[in-house]
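Just so we're aligned: the sequence shown equals residues 1175 to 1782 in the numbering used here.
Just so it is clear, CB atoms sit at the ideal spot from N, CA and C, and this is done for glycine as well.
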Amino acid sequence: MNHTIHTLMHHLRLLLITSAAYISAQHIHATDGAADIIPISTPQDLIAFSALVNNGASSANAVLTADLDMTGYDFTPIGSTEGTCYNGTFDGAGHTINNLSITQPGQNGIGLFGYAGSATISHLICGSGNQVQGQAFTGGIVGDKVTDGTLTLTGCGHEGTVTCTAQNGAAFVGCVHSGNLVINHCYNTGTVRGGRESAIFCGWFSGSASAISDSYNAGQITAGVDGSNYLWRSTPTVSRVFDISGRQSTTRFTQDDLLSGALAWKLNGNRAPGPFRQNLDTDSPDTHPVSSSLHAVVYACGTLRCDGTAAEGTTLTYANTNGAQYQPHVFDQGICQVCSVPDAEYLYPNRQGYYPISTPQALRWFAAYVASNPAHASLDARLTADLNMRGIPFDGIGSIAVPYSGEFDGGSHTIDYLTIRKTDQNGVGFINSAHTTAWIHDLTLGSHCAITGYRYVGGIIGHVSGPEGSIIRLERLGFEGTLTLNNNGGAIVGCIPNNNITAHLRSCYSVGKITGTTECGALSGWSSYARLTNCYARVNGSGWETGHDVVRGFTPVFRNCYTYGAKQTAEGLSTFTLTEMRNGTLLQNLNDPAYTQVTGTDTNPKLK
Ligand SMILES: [Zn+2]
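Structure (structure tokens):
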């Protein structure tokens, strides 16, 4: 037994010990977990790693520390059966596995990884000498995605040959039978020869959260294409995918773009450095971009507009040294008209530390300024006037990735004619996503506001996150507009997915309309143990769950709250009629100085 095998056996023992510890005390697993990354530097190491996984250590993690030449080695796929599907993190660190040969024309689920479940495979290049042959569900990197959870391929390249004698062959993942597949910053220059229903990225790209982005294909399928579904079958979310023939509505590029560095520049969003690299200035340059940090950064040379595209009259060249002259931004009302970045000098916070927002353009700027830098997520703002947002693009404040954590004080003002239309996006609202340390208060969105999203869609806040046990306070917020979504939406809060976060709503109301498919609530789409005081809601629209149409969640606690049109009943939740909403009776019952109403003019109690 050589040293490497000894090391792997040691890791196997560690893993077994760790799993036993996990059962008795979960925190031990958390502290020990990081140490278990197995370095792989030789073909024998890779073979031993495969044996380790196939013997039951399906969550084993590994990192390549060298390029591997698998010439002459027999190799069994990592995760060779559904029962031993790979659930770990495999980091190629920019290295290449080349000349790997797997010939199993009678076996399903064949690839470098045969079966995978919840796993991440990153920065791994499968070289042009690789030959992977299987029956159905055969992929150059993964054969078959099974079990719930997400398989992520990021920064991976495939340059080899895949032969699939039956259905669902692909350069990356043969088939998704269960869960989701996310592919980003990946490329294929290799060849797929399939029986039928084969595609470059995935032969069956199912899964409701499956996606492919920032990737390219310059390779080909020689047999087994299903109609026009050359790059993928089924319907992943697709963004910024490039194909040498522009198939399936992707962006077309030329052979010269591939060679010159132009494609690398575009894939990187017209900036440097980016995930795609390409050695250009050497005697043996790369023939295409590679997603490996071991290769050189690509720069555009010449006169560039601020968004990284060629200035008028300029033909760009590309090199591994920076030769760019950038034109200045073209700011108008605080936003660059070319690249959309916000002007850092457009508005300054006042002496109390908040940004005063007095125009629609300033509100748009504030959202863009918060989005431009994670350090801006906690900035405070206060409305100093009612705003009419007609014709002003607005993307919402914060994001699920960087939730807004500042104070947004509406100053008792109303924003109207605000439109957000993000049909496929999760976490959409005036505040797209808030951290529980945010404080949103004293704001009404008027009846002409229209907000559209997919999941976690709110009039005021789409999505809330924060530490376990934290509370988000929402005070004096009103919504009178329309919300359109698939699931998990509400006028004040779309969804708080973490059941250990509580929302406290005081003096909040909705008379808006929600058009959803399912899991909607007039005030909150999901909020596990919400507490509501002096709130009222007219339930109007679709997507309700019977009995949870005011607040969807575990046992919300109502104090002096009122509803019209709801099937939800609870202590502290009374009903009102539309006449009572108009004639001041509801106002009187709310008995809260936050509300006011000019009867005869206002059809419902408003916030002062
Ligand atoms: Zn610009």
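- Item | Contained beta strand (DSSP E) runs [length at least 3] in the segment 1283-1317, N- to C-terminal order | The qualifying runs are 1287-1290, 1293-1296, 1305-1308.
- Query: What residues in its chain sit with their C-beta under 8 Å from that of residue 1208, if we drop five residues either side in the sequence?
  - Reply: In this prediction, residue 1208 scores a pLDDT of 48, lower than 50, which makes its location untrustworthy; the coordinate-derived value is nonetheless stated afterwards. Taken in chain order, the list of residues that qualify is empty.
- Just how far apart, CA to CA, sit residue 1257 and residue 1380? Going from the Cα of residue 1257 to the Cα of residue 1380 covers about 21 Å.
- Query: For residue 1743, which of 1365, 1724, 1760, 1455 has the nearest alpha-carbon?
  - Reply: Closest option to residue 1743, Cα to Cα, is 1724.
- Query: Going by the CB atoms, is the gap between residue 1272 and residue 1322 shorter than 8 Å?
  - Reply: Contact: no.
- Sheet register partners of residue 1498 (DSSP bridge): Paired residue(s): 1476.
- Task: Using 7 Å as the cut-off, classify the Cβ of residue 1808 as near or not near the heavy atoms of ligand 1, replying yes or no.
- Result: Here the chain has residues from 1175 to 1782 only, and residue 1808 is not among them.
- Rank 1310, 1328, 1633 by C-alpha distance to the C-alpha of residue 1366 and give the top, closest one. It is 1310.
- Evaluate contact between the segment 1713-1720 and the segment 1754-1772, counting only Cβ atoms and requiring at least three cross-stretch pairs below 8 Å. By the criterion of at least three beta-carbon pairs nearer than 8 Å, the segment 1713-1720 is not in contact with the segment 1754-1772.
- Task: Please report how far the alpha carbon of residue 1248 lies from the alpha carbon of residue 1458, in whole angstroms.
- Result: Answer to the nearest angstrom: the Cα atoms are 31 Å apart.
- With contact counted as at least three CB pairs below 8 Å, one residue from each stretch, are the segment 1662-1682 and the segment 1637-1653 in contact? With three or more CB-CB distances shorter than 8 Å, the segment 1662-1682 counts as touching the segment 1637-1653.
- Are the Cβ atoms of residue 1285 and residue 1312 separated by less than 8 Å? Against a cut-off of 8 Å, the Cβ pair of residue 1312 and residue 1285 comes out as a contact.
- Measure the alpha-carbon distance for residue 1674 versus residue 1576 and round it to whole angstroms. So the alpha carbons of these two residues sit roughly 20 Å apart.
- What's the gap between the Cα of residue 1784 and the Cα of residue 1338? The chain is shown only over 1175 to 1782; residue 1784 falls outside these bounds and no answer can be derived.
- Message: So the candidates are 1399, 1489, 1512; which of them puts its Cα closest to the Cα of residue 1368?
- Response: Of the listed residues, the one whose Cα sits closest to residue 1368 is 1399.
- Query: Between the beta-carbon of residue 1587 and the beta-carbon of residue 1617, is there less than 8 Å?
  - Reply: A Cβ-Cβ contact shorter than 8 Å links residue 1587 with residue 1617.
- Query: Hey, is the segment 1632-1640 in contact with the segment 1664-1673, meaning 3+ C-beta pairs nearer than 8 Å?
  - Reply: Short answer: they touch.
- With burial defined as no fewer than 16 other Cβ atoms inside 10 Å of the residue's Cβ, what is the status of residue 1362: buried or exposed? With 16 or more other Cβ atoms within 10 Å, it is buried.
- Task: Kindly indicate which residue of 1722, 1708, 1729, 1730 has the alpha-carbon position closest to the one of residue 1760.
- Result: The candidate whose alpha carbon is nearest that of residue 1760 is 1708.
- Which two residues bound the contiguous alpha helix (DSSP H) that contains residue 1358? Unbroken run through residue 1358 is the beta strand (DSSP E), 1354-1358; no alpha helix (DSSP H).
- DSSP three-state call for residue 1482: helix, strand or coil? Taken through DSSP and simplified to helix, strand or coil, residue 1482 comes out as coil.
- Alpha carbon to alpha carbon, how far is residue 1403 from residue 1382? Residue 1403 and residue 1382: Cα-Cα distance of roughly 18 Å.
- Message: Please report the straight-line C-alpha distance between residue 1446 and residue 1550, rounded to a whole angstrom.
- Response: Distance between the alpha carbons of residue 1446 and residue 1550 is about 23 Å.
- Query: DSSP puts residue 1694 in a beta bridge; with which residues?
  - Reply: Beta-bridge pairing links residue 1694 to 1663, 1718.
- Task: Have a look at the DSSP bridge pairing and note the partners of residue 1581.
- Result: Beta-bridge pairing links residue 1581 to 1613.
- Tell me, please, whether the segment 1383-1390 touches the segment 1414-1426 by the rule of three or more beta-carbon pairs shorter than 8 Å. These segments touch.
- Query: Tell me the DSSP bridge mates of residue 1676?
  - Reply: Residue 1676 pairs with 1645.
- Kindly indicate which three-state DSSP category residue 1454 falls into: helix, strand or coil? Reduced to three states, the DSSP call for residue 1454 is coil.
- So what's residue 1248 in DSSP terms, helix, strand or just coil? The answer is coil: DSSP assigns residue 1248 none of H, G, I, E or B.
- Same chain only: Cβ atoms within 6 Å of residue 1702, ignoring 5 sequence neighbours per side: Close CB contacts of residue 1702 within its chain, under the 6 Å cut and outside five residues either way in sequence, are with 1673, 1727, 1728 (chain order).
- CB-CB under 7 Å to residue 1259, same chain, minus the five flanking residues each way: which ones, in chain order? Here the set comprises 1232, 1253, 1289, 1290, 1291, 1320, 1321.
- Query: Looking at the structure shown, is residue 1707 part of a helix, part of a strand, or coil, going by DSSP?
  - Reply: In the structure shown, residue 1707 sits in a strand (DSSP, three-state: E or B).
- Can the beta-carbon of residue 1238 be found closer than 8 Å to that of residue 1266? With a cutoff of 8 Å on beta-carbon distance, residue 1238 and residue 1266 are scored as near each other.
- Nearest neighbour of residue 1689, chosen from 1492, 1626, 1298, 1779 [CA to CA]: Ranking the options by Cα distance to residue 1689, first place goes to 1626.
- Cα-Cα separation between residue 1370 and residue 1464, rounded to whole angstroms: Distance between the alpha carbons of residue 1370 and residue 1464 is about 29 Å.
- Within the present structure, is the beta-carbon of residue 1512 separated from the nearest heavy atom of ligand 1 by less than 7 Å? Yes, since a heavy atom of ligand 1 falls inside the 7 Å radius drawn around the Cβ of residue 1512.
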